[in-house]
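Take the sequence shown: its position 75, counting from 1, is numbered 131 in our numbering, and each next residue is one higher.
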Amino acid sequence: MEALDKEIEKLKREKPVYKEILCFYQNLLRLFKEVKGKIKPSFEISEGDFNKRIDNGFPVYKWDEALYSEDELKKCLKIFLDFLPEDKTKKLNQISSIIERDNFTISPILKEFSTKNLTYFKQMEQFEEETVKLLEVFSYLVLKPIVEEELLKFQKKLEKIKWNEAFCPFCGFSPSYALIEQEEGFKYLNCSLCGHMWRFPRLLCINCKKELKEYFYDPDDQTCRIELCNECKNYIKVFDARGNIYGYPPLVKDLITLHMDVIAKEKGFTKESGSLFF
Ligand SMILES: [Zn+2]
Ligand SMILES: [Zn+2]
57 MEALDKEIEK
67 LKREKPVYKE
77 ILCFYQNLLR
87 LFKEVKGKIK
97 PSFEISEGDF
107 NKRIDNGFPV
117 YKWDEALYSE
127 DELKKCLKIF
137 LDFLPEDKTK
147 KLNQISSIIE
157 RDNFTISPIL
167 KEFSTKNLTY
177 FKQMEQFEEE
187 TVKLLEVFSY
197 LVLKPIVEEE
207 LLKFQKKLEK
217 IKWNEAFCPF
227 CGFSPSYALI
237 EQEEGFKYLN
247 CSLCGHMWRF
257 PRLLCINCKK
267 ELKEYFYDPD
277 DQTCRIELCN
287 ECKNYIKVFD
297 ARGNIYGYPP
307 LVKDLITLHM
317 DVIAKEKGFT
327 KESGSLFF
C-alpha cells in the first residue's frame, strides 16, 4: 500500500493532467481498506463444488454462500456516500434517504449486482434511472473490496485451473485490461472486480473470440497499446508487464492512460466492461 502510494505521488508530479483522478483513486483505496476492516471474508465452498463449477465454466464465488451482516454493509455504503461530493449530484441525497428507510435492505441489491443481473436494475421502477445508475456504482464500490478479500483464500487454487473464458473464474466479472508477460509471452486478463488474473489466448478478442488484427500504441508509452477487434468493434487495453505481472501496479496505469480509451472510442470501438472510470 505504501509503495503504491509513493508510486501515485510520483505519477501526480509526472502527469499533472491526471492529478485529480489519481487523488480520487487514492481516496478510494483508503475507503476500500475501511470496508475490508468492516466485512469479514466468509465465503466457503467445498473442494468438490469448486472443481465442479470450474469444470462447467461457472465462476466460483456466490454471494449467497457468504454471510455478510446487513448492518455492516449499510455502513460500508455510507462510507462511499459520505465521501462523494454532494454538490455534484442531488441524487446522492436521494440515495442517502433511501438507505435510511426502515425497510431498505442492501444485500439483495448487492447479490444481484454480483451476478451482473442488469435486468434487476432495469426493473427498479420505484427509482429514477439516474438513481439506479448510482446504485450500480455504489454496489460496485462496496462489492469490490469484499470480493478482493474473498479471492485471497482461493488465489493459489485458481492459478492451477484450466479456464478459457473471457470472464473471471472467481467472480464472473469481465476484465478491465490485459497484461503481456514478455518472457513467456502469455496474455493475462485482469478482473475488473476482484483483480484476479488469468491466462487467455494472446490473439483472441475477449468478446467474440475472433482474431485481433489491429492495434495502436500510446505515443508516450510503448508499454501500453490498444488492441482492436474489427469483427465486433470491441477493444482492450494491453500493458507490457515486463516479466512481473504481480508486482506491477497496472490499475494506476489504466488510469493514466485514459486518453487511449478516448481514442479507441473515437474510432468507434467500445469496451465490454470498463473500469470504474471509463
Ligand atoms: Zn474476479
Ligand atoms: Zn471481437
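A virtual CB, placed ideally from N, CA and C, is assigned to each residue, including glycine.
Is it right to say residue i is buried, meaning 16 or more other beta carbons lie within 10 angstroms of its own, or is it exposed?
{"i": "P358", "result": "Here the chain has residues from 57 to 334 only, and residue 358 is not among them."}
{"i": "F160", "result": "exposed"}
{"i": "D120", "result": "exposed"}
{"i": "P72", "result": "exposed"}
{"i": "Y273", "result": "exposed"}
{"i": "H315", "result": "exposed"}
{"i": "T175", "result": "exposed"}
{"i": "P225", "result": "buried"}
{"i": "P164", "result": "exposed"}
{"i": "N290", "result": "buried"}
{"i": "L190", "result": "buried"}
{"i": "T326", "result": "exposed"}
{"i": "S153", "result": "exposed"}
{"i": "R281", "result": "buried"}
{"i": "Y271", "result": "exposed"}
{"i": "C79", "result": "exposed"}
{"i": "S102", "result": "exposed"}
{"i": "A59", "result": "exposed"}
{"i": "K200", "result": "buried"}
{"i": "E322", "result": "exposed"}
{"i": "I312", "result": "buried"}
{"i": "E283", "result": "buried"}
{"i": "L133", "result": "buried"}
{"i": "I95", "result": "buried"}
Residue i by DSSP, collapsed to three states: which one?
{"i": "A222", "result": "coil"}
{"i": "T161", "result": "coil"}
{"i": "S230", "result": "coil"}
{"i": "Q82", "result": "helix"}
{"i": "F169", "result": "helix"}
{"i": "Q211", "result": "helix"}
{"i": "M180", "result": "coil"}
{"i": "T175", "result": "helix"}
{"i": "I319", "result": "helix"}
{"i": "T187", "result": "helix"}
{"i": "I64", "result": "helix"}
{"i": "K75", "result": "helix"}
{"i": "I312", "result": "coil"}
{"i": "I202", "result": "helix"}
Using 8 Å for Cβ pairs, my map puts residue i next to residue j. What's the rounded Cβ distance?
{"i": "Q238", "j": "D296", "result": "6 Å"}
{"i": "E287", "j": "C264", "result": "5 Å"}
{"i": "V56", "j": "M180", "result": "Since the first residue of the chain shown is 57 and the last is 334, residue 56 is not available in this structure."}
{"i": "F256", "j": "L245", "result": "5 Å"}
{"i": "V203", "j": "Y117", "result": "6 Å"}
{"i": "I262", "j": "I110", "result": "Not a contact, Cβ separation roughly 19 Å."}
{"i": "L87", "j": "I135", "result": "5 Å"}
{"i": "K293", "j": "D310", "result": "7 Å"}
{"i": "K243", "j": "R258", "result": "4 Å"}
{"i": "E168", "j": "P97", "result": "With a Cβ gap of about 21 Å, E168 and P97 do not count as contacting."}
{"i": "L137", "j": "L148", "result": "6 Å"}
{"i": "K213", "j": "F106", "result": "7 Å"}
{"i": "K75", "j": "K68", "result": "5 Å"}
Which partner residues of residue i appear in the DSSP bridge assignment?
{"i": "T326", "result": "N290"}
{"i": "K243", "result": "I236, F256"}
{"i": "D296", "result": "I236"}
My parser needs the alpha helix (DSSP H) runs of 4 or more residues fully inside the segment 87 to 158; what are they? 103 to 111, 126 to 139, 147 to 155
Whole beta strand (DSSP E) runs in the segment 245 to 294 with 3 or more residues, listed along the chain? Residue ranges of uninterrupted beta strand (DSSP E) with 3 or more members, entirely inside the segment 245 to 294 and ordered along the chain, are 253 to 256, 270 to 274, 277 to 284.
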